[in-house]
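Undergrad: Handing you a structure now.
2 protein chains.
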Amino acid sequence: MKHRFSPGRPCPVEIVPQWDISTDVAIVGFGAAGSCAAIEALNAGAAVDVFEVASAPGGSASLSGGEVYVGGSGGTEVQREHGFEDQTEDLRQYLMMAGGPTADADRIDLYAEQAAAHFNWLRAQGVPFKGSYLPGKWIEPTTDDTLIWSGNEKAWPFSAKAKPAPRGHTVEFEGWGGGQLFMEKLSERALELGATAHYESRVLCLIVDQEGAVKGLVVRREGKELFVQARKGVVLCAGGFIANRGMVKRYAPEALVCEHQVSAGNDDGSGIRMGVSVGATTLNMQEFFATLPFFPPESLVKGIFINERSQRFINEDTYHGRVAHYVLRQPNGRAWLLVDNDIFGRPFLQPNITIAAVGETWEEIETELALEPGSLAATVNEFNRHASQGADPYFHKSQEWLKPLLTPPFAALSYCQGDVEGHAFTLGGLATRPSGEVLNADGEPITGLYAAGRTACGLPRWGEGYSSGLSLGDSTFFGRQAGASAASMNS
Amino acid sequence: MKHRFSPGRPCPVEIVPQWDISTDVAIVGFGAAGSCAAIEALNAGAAVDVFEVASAPGGSASLSGGEVYVGGSGGTEVQREHGFEDQTEDLRQYLMMAGGPTADADRIDLYAEQAAAHFNWLRAQGVPFKGSYLPGKWIEPTTDDTLIWSGNEKAWPFSAKAKPAPRGHTVEFEGWGGGQLFMEKLSERALELGATAHYESRVLCLIVDQEGAVKGLVVRREGKELFVQARKGVVLCAGGFIANRGMVKRYAPEALVCEHQVSAGNDDGSGIRMGVSVGATTLNMQEFFATLPFFPPESLVKGIFINERSQRFINEDTYHGRVAHYVLRQPNGRAWLLVDNDIFGRPFLQPNITIAAVGETWEEIETELALEPGSLAATVNEFNRHASQGADPYFHKSQEWLKPLLTPPFAALSYCQGDVEGHAFTLGGLATRPSGEVLNADGEPITGLYAAGRTACGLPRWGEGYSSGLSLGDSTFFGRQAGASAASMNS
Chain A
1 MKHRFSPGRP
11 CPVEIVPQWD
21 ISTDVAIVGF
31 GAAGSCAAIE
41 ALNAGAAVDV
51 FEVASAPGGS
61 ASLSGGEVYV
71 GGSGGTEVQR
81 EHGFEDQTED
91 LRQYLMMAGG
101 PTADADRIDL
111 YAEQAAAHFN
121 WLRAQGVPFK
131 GSYLPGKWIE
141 PTTDDTLIWS
151 GNEKAWPFSA
161 KAKPAPRGHT
171 VEFEGWGGGQ
181 LFMEKLSERA
191 LELGATAHYE
201 SRVLCLIVDQ
211 EGAVKGLVVR
221 REGKELFVQA
231 RKGVVLCAGG
241 FIANRGMVKR
251 YAPEALVCEH
261 QVSAGNDDGS
271 GIRMGVSVGA
281 TTLNMQEFFA
291 TLPFFPPESL
301 VKGIFINERS
311 QRFINEDTYH
321 GRVAHYVLRQ
331 PNGRAWLLVD
341 NDIFGRPFLQ
351 PNITIAAVGE
361 TWEEIETELA
371 LEPGSLAATV
381 NEFNRHASQG
391 ADPYFHKSQE
401 WLKPLLTPPF
411 AALSYCQGDV
421 EGHAFTLGGL
431 ATRPSGEVLN
441 ADGEPITGLY
451 AAGRTACGLP
461 RWGEGYSSGL
471 SLGDSTFFGR
481 QAGASAASMN
491 S
Chain B
492 MKHRFSPGRP
502 CPVEIVPQWD
512 ISTDVAIVGF
522 GAAGSCAAIE
532 ALNAGAAVDV
542 FEVASAPGGS
552 ASLSGGEVYV
562 GGSGGTEVQR
572 EHGFEDQTED
582 LRQYLMMAGG
592 PTADADRIDL
602 YAEQAAAHFN
612 WLRAQGVPFK
622 GSYLPGKWIE
632 PTTDDTLIWS
642 GNEKAWPFSA
652 KAKPAPRGHT
662 VEFEGWGGGQ
672 LFMEKLSERA
682 LELGATAHYE
692 SRVLCLIVDQ
702 EGAVKGLVVR
712 REGKELFVQA
722 RKGVVLCAGG
732 FIANRGMVKR
742 YAPEALVCEH
752 QVSAGNDDGS
762 GIRMGVSVGA
772 TTLNMQEFFA
782 TLPFFPPESL
792 VKGIFINERS
802 QRFINEDTYH
812 GRVAHYVLRQ
822 PNGRAWLLVD
832 NDIFGRPFLQ
842 PNITIAAVGE
852 TWEEIETELA
862 LEPGSLAATV
872 NEFNRHASQG
882 ADPYFHKSQE
892 WLKPLLTPPF
902 AALSYCQGDV
912 EGHAFTLGGL
922 ATRPSGEVLN
932 ADGEPITGLY
942 AAGRTACGLP
952 RWGEGYSSGL
962 SLGDSTFFGR
972 QAGASAASMN
982 S
């Protein structure tokens with residue numbers, strides 16, 4: 001029988017004609033997780049082959065800001081240098097909240113304890129961090145500074161339960177896209193240590209034995225199928241599935257309103273599908289990161305979002321991705337940011353924003369938006385009354401961002417679906433232990449299979465709780481665990 | 492090597508010592524889906540063995556109200572007799588809305604076209620329906636009447652897009668729990684036609700060949716493992732996973748606030764886990780049906796729900812399960828139903844409801860609930876002003892249920908988490924075609940494997956869109972498809 005190779009069904013080892021390549025640890029994907037898995041597997045003495053579908057390493061991490069979310073242990077070197085104490089328990093508590101209803105305590109405990117050391121490890125691999133602190137509220141720094149406030153730390157309800165500290169640590173790079181430098185350093189390090197990289201090599205499926213243990217990979221390179229033996233294990237680091245629109249439609253259809261994919265293009269879900277093919281279970285496949293970057297200028301954070309019922313629905317000083325999730329779920333996908341003349345500015349990242357209404361009074365704005373008479377003015381007046389006293393009893397926006405909206409002309413910026421362009425990537429993936437072992441539906445590990453990065457359901461697993469740097473922090477840290485675990489297996 | 496049998500990993504056919512039982516179609520679970528799968532497989536000429544972990548047939552369906560959600564084709568016999576026209580397109584449109592973001596158009600098209608005929612089929616199997624119509628708003632009729640309004644048909648936004656008709660068709664049975672009679676009739680029919688039933692028989696895992704095709708089951712009965720050959724296929728009809736708290740925690744943790752499981756106790760997710768073990772993909776595992784039955788008396792539907800911000804959040808005349816989902820997601824899990832003296836009554840199904848506040852004015856209620864001064868009165872006054880004009884511009888509650896809340900004393904019934912008892916069952920499950928074929932992560936069928944009922948992700952797949960009768964309608968109809976599909980396979 002001719003076996004057709006596809007990620008959704010494994011190849012039985014019995015039909016493998018020969019091993020074209022034989023290695024200890026075979027890694028699928030040479031992005032952030034794959035690079036770090038390779039480094040640790042090599043450090044443990046294993047032979048490592050990395051298979052990358054693109055013609056160079058980096059993956060989607062190379063398009064990122066090159067920022068990791070780390071802290072705890074009293075603070076990283078950089079946090080402490082700038083006077084920010086950061087206890088492990090505060091990082092732990094923050095990550096538990098950030099993980100949402102399915103937060104994984106074991107994974108979080110390990111990360112909270114070791115994140116500060118992980119930052120040192122990244123430096124030791126050659127990733128440069130300048131060590132400076134950049135105050136303010138940023139989507140991503142365009143300077144070469146290191147430390148930024150990159151999440152929900154100072155915003156309710158997070159601030160009420162975990163002592164805030166800035167934890168975004170960004171690679172030393174001027175301009176956007178420091179992820180490229182970040183990934184150059186990590187992939188170079190893996191190669192220096194002896195990883196064998198195979199580019200333009202598409203992994204078609206896993207190879208399994210009769211008992212379901214993973215034995216290797218079928219890879220297509222230059223039109224030929226190669227059979228790869230992985231004596232110790234396979235580590236799936238093949239990204240998420242935002243670039244596979246069929247999968248997004250099936251598993252996370254609410255992400256479809258975001259037209260921009262945060263991906264280098266190869267997040268096709270094949271890593272997840274390969275895991276599923278051998279009995280892995282998936283978690284949180286409906287979850288995704290989204291943003292509608294409504295600031296900078298940061299003055300806009302002082303505006304208030306309302307829906308078509310003239311109701312507020314979020315403290316606007318929370319992380320932009322959390323705001324985006326709330327905006328996207330409003331009735332009929334309609335929401336507006338209300339501003340006055342003191343705080344108005346065109347959002348830098350959405351310069352063509354639709355200004356849906358301008359007026360000298362809030363009643364004019366209300367009429368232009370065709371909202372219920374009296375409703376918008378009531379909401380704004382109630383907000384202003386409290387804001388002038390430095391309070392927001394309904395949504396707990398912090399005093400730093402509270403200002404009554406009193407200076408005409410007033411305006412409503414449209415964040416209605418269709419008017420704004422969102423950016424998204426997926427957070428659901430294979431269930432794994434913190435060690436990277438991939439789990440079946442009974443919660444037991446599948447022999448020979450590991451996963452990390454967005455192929456797994458990791459630390460970032462709840463759109464409402466995302467913070468910048470969480471995906472790269474997770475991918476690098478748990479990539480390391482997965483590589484070390486695979487290398488420690490008896491072959 | 493000794494193979495340990497568990498649902499999460501299949502048994503390789505190579506290690507099967509002998510076939511203890513050999514049949515054409517092996518069905519896991521003798522509930523609604525399993526009974527109907529058996530009937531159709533038998534009608535197609537197949538030999539059928541059904542494996543049931545309990546000591547009698549019925550499954551969780553036997554605890555239900557015995558109600559199916561059917562219509563279309565101009566109306567069922569009963570709908571037409573009582574003057575309700577119901578076009579297939581209206582049923583289709585309603586089901587598309589009810590399915591939420593991942594509604595499955597192919598499945599819905601088939602069901603909408605054949606639901607009225609399916610009702611006749613159920614009658615032909617011996618399920619009695621009296622044929623009468625019961626007006627009003629019910630959780631479940633305790634009379635022996637047939638036709639009721641059982642969903643969101645008359646409520647916004649459903650009513651705006653699909654012409655309403657009552658579609659709940661309930662078995663002829665006095666009192667609660669007509670599902671028992673319903674299931675007696677269907678299981679008797681399957682046995683009459685020649686199904687071999689095995690009770691107190693726990694299915695441990697699937698048996699697969701080298702290519703991943705499903706070949707049978709390992710069953711434990713009286714302490715012994717039996718190897719069952721299924722020449723044509725296995726149909727998984729083993730229910731959902733609400734009774735498996737570990738799975739609920741992992742996949743649908745938000746359901747944990749509902750302390751009552753809508754289950755006969757065997758919804759342990761083993762059907763889903765067996766599907767996953769052979770590479771099936773799952774859909775909507777986070778979704779669940781929930782209810783906090785706040786009426787009858789139906790006068791309470793005229794009350795308004797508010798959250799701790801004194802905001803309304805739902806039209807209260809929508810289906811009680813939809814209301815429950817909105818209540819459960821309010822900030823800090825806090826919500827109250829506000830009533831005046833004209834409409835007050837203790838909810839029949841929650842007689843010990845906490846009355847959180849009573850007062851002569853809304854300001855008193857506000858103070859007792861410790862809400863922001865002025866906020867509750869503003870919300871109620873705005874509601875009353877519109878209600879007195881027969882309008883609800885914000886939430887579109889229908890005129891039939893609109894009444895200004897003006898007659899003191901006023902009260903707030905607590906629907907805060909911890910104060911109310913919810914009821915839940917899971918809606919996520921294996922991805923299948925309308926035929927019942929189980930799909931892998933590439934969307935391709937797994938040879939020899941079928942699923943229906945709550946083991947599959949079927950018509951009811953979105954908690955906010957549930958209607959009474961949808962699960963039983965889906966289980967019986969798609970159970971039939973799965974049984975017929977399996978029987979038509981070449982063995």
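Chain order of the listed sequences is A and B.
With the first letter of the first sequence counted as 1, position 414 gets the number 414 in this note's numbering; the numbers rise by one all the way through.
Position in the second sequence (first residue = 1) + 491 = this note's numbering.
Cβ atoms here follow ideal geometry from the backbone N, Cα and C, with glycine treated the same way.
1. Judging by CA-CA distance, which residue of B:A781, B:E631, B:G565, B:R693 is the nearest neighbour of L747 (chain B)?
2. Short of 9 Å Cβ to Cβ, which residues in the segment 762 to 775 of chain B face chain A?
3. For a contact defined as C-beta to C-beta under 7 Å, what are the partners of E14 (chain A) on chain B?
4. With a 10 Å radius around its C-beta and 16 neighbouring C-beta atoms as the bar for buried, classify N352 (chain A) as buried or exposed.
5. Can you tell which of A:A54, A:V420, A:A38 has the C-alpha that lies nearest to the C-alpha of A47 (chain A)?
6. What first and last residue would you give for the beta strand (DSSP E) that runs through V68 (chain A)?
7. If you pair each beta-carbon of the segment 175 to 195 of chain A with each one of the segment 244 to 261 of chain A, do three or more pairs fall below 8 Å?
8. Given 6 Å as the limit, tell me if G45 (chain A) has its C-beta closer than that to any heavy atom belonging to the ligand SAH.
9. In the DSSP assignment, the alpha helix (DSSP H) including I272 (chain A) goes from what residue to what residue?
10. Return the CA-CA distance between P498 (chain B) and G240 (chain A), expressed in angstroms with no decimal places.
11. Hey, which unbroken runs of the beta strand (DSSP E) at 3 residues or more fall wholly within the segment 304 to 388 of chain A?
12. Across the segment 352 to 362 of chain A and the segment 400 to 413 of chain A, are there enough close Cβ pairs to call them in contact, namely three or more that are closer than 8 Å?
13. Given a threshold of 16 other Cβ atoms within 10 Å of its Cβ, counted over all protein chains shown, does P788 (chain B) qualify as buried or as exposed?
14. Taking only three categories from DSSP, how would you classify E644 (chain B)?
15. Below 8 Å, how does it come out for the segment 383 to 402 of chain A and the segment 226 to 242 of chain A: are there three or more Cβ pairs, yes or no?
16. Alpha carbon to alpha carbon, how far is Q972 (chain B) from Q701 (chain B)?
17. Is there a C-beta anywhere in chain B that falls below 7 Å from the one on R480 (chain A)?
18. Give, in chain order, every residue of the segment 906 to 925 of chain B whose Cβ lies closer than 9 Å to some Cβ of chain A.
19. Specify the secondary structure class of T455 (chain A) as computed by DSSP and reduced to three states.
20. Determine the burial state of I365 (chain A): buried for a count of at least 16 other Cβ atoms within 10 Å of its Cβ, exposed for fewer.
21. Check whether the segment 788 to 799 of chain B and the segment 750 to 766 of chain B are in contact - that is, three or more C-beta pairs closer than 8 Å.
22. Between the segment 96 to 115 of chain A and the segment 509 to 519 of chain B, are three or more C-beta pairs nearer than 8 Å?
23. Using the three-state DSSP reduction, which class does A411 (chain A) fall into: helix, strand or coil?
24. Quick one: Cα of G99 (chain A) to Cα of E254 (chain A), how far?
25. What does the alpha-carbon distance come out to for the pair Q79 (chain A) and E67 (chain A)?
26. Using a Cβ-Cβ distance under 7 Å, would N931 (chain B) count as near chain A?
27. I'd like to know whether the C-beta of G453 (chain A) is nearer than 7 Å to at least one C-beta of chain B.
28. Can a CB atom of chain B be found closer than 7 Å to the CB of L413 (chain A)?
29. Please compile the residues from chain A whose C-beta is within a distance smaller than 8 Å of the C-beta of Q777 (chain B).
30. Taking only runs that begin and end inside the segment 222 to 285 of chain A, name each unbroken beta strand (DSSP E) of 3 or more residues, in chain order.
31. Counting only runs that start and end within the segment 902 to 980 of chain B, where is the beta strand (DSSP E) found for 3 or more residues in a row?
32. Out of B:G836, B:F786, B:E576, point me to the one whose CA is closest to P655 (chain B)'s CA.
33. Tell me the DSSP secondary structure of H573 (chain B) in three-state form.
34. By the 10 Å Cβ neighbour count, where 16 or more other Cβ atoms means buried, how is A452 (chain A) classified, buried or exposed?
35. Would you mind reading off the limits of the beta strand (DSSP E) that contains G34 (chain A)?
36. Which partner residues does R693 (chain B) have in the DSSP bridge list?
TA: Looking at the coordinates:
1. Comparing Cα-Cα distances from L747 (chain B) to each of B:A781, B:E631, B:G565, B:R693, the minimum goes to B:A781.
2. For the segment 762 to 775 of chain B, residues whose beta-carbon sits nearer than 9 Å to a beta-carbon of chain A comprise I763, R764, M765, G766, V767, S768, V769, G770, A771, T772, T773, L774, N775.
3. Neighbours of E14 (chain A) on chain B, chain order: Q701.
4. Classification for N352 (chain A): exposed.
5. The residue with the shortest Cα to Cα distance from A47 (chain A) is A:A38.
6. 67 to 69 is the extent of the beta strand (DSSP E) around V68 (chain A).
7. Note that the segment 175 to 195 of chain A does not touch the segment 244 to 261 of chain A; fewer than 3 beta-carbon pairs, one per stretch, sit closer than 8 Å.
8. The ligand SAH is absent from the structure shown, which contains no ligand whatsoever.
9. Element bounds for I272 (chain A): 270 to 277.
10. Taking the straight line joining both Cα atoms gives about 27 Å.
11. You should have 304 to 307, 335 to 339, 355 to 359.
12. Yes: the two stretches touch, three or more of their Cβ pairs being nearer than 8 Å.
13. P788 (chain B) sits exposed, since fewer than 16 C-beta atoms from the chains shown fall within 10 Å of its C-beta.
14. Secondary structure of E644 (chain B) (DSSP, three-state): coil.
15. Fewer than three beta-carbon pairs drawn from the segment 383 to 402 of chain A and the segment 226 to 242 of chain A are found closer than 8 Å, and the two stretches are therefore not classed as touching.
16. Each residue's alpha carbon lies about 27 Å from the other.
17. No, R480 (chain A) lies away from the interface with chain B (no Cβ there is under 7 Å from its Cβ).
18. Residues A922.
19. Reduced to three states, the DSSP call for T455 (chain A) is helix.
20. By the 10 Å Cβ count, I365 (chain A) comes out buried.
21. No: fewer than three Cβ pairs fall under 8 Å.
22. Contact between the segment 96 to 115 of chain A and the segment 509 to 519 of chain B is absent: fewer than three C-beta pairs spanning the two stretches fall below 8 Å.
23. In the structure shown, A411 (chain A) sits in a strand (DSSP, three-state: E or B).
24. Distance from the CA atom of G99 (chain A) to the CA atom of E254 (chain A), rounded to whole angstroms, is 19 Å.
25. Rounded to the nearest angstrom, the two C-alpha atoms are 14 Å apart.
26. Interface residue, yes.
27. By this cut-off, G453 (chain A) is not an interface position.
28. With 7 Å as the cut-off, L413 (chain A) does not count as an interface residue toward chain B.
29. Residues of chain A passing the Cβ test: N284, Q286.
30. Here the runs fully enclosed are 224 to 236.
31. Complete beta strand (DSSP E) runs here, min 3: 914 to 917, 928 to 930, 936 to 942.
32. Of the listed residues, the one whose Cα sits closest to P655 (chain B) is B:E576.
33. Note: H573 (chain B) maps to coil in three-state DSSP.
34. Buried, by the Cβ-count rule.
35. It is not in any beta strand (DSSP E) - G34 (chain A) instead sits in the alpha helix (DSSP H) that spans 32 to 43.
36. By DSSP's assignment, R693 (chain B) forms a beta bridge with B:R711.
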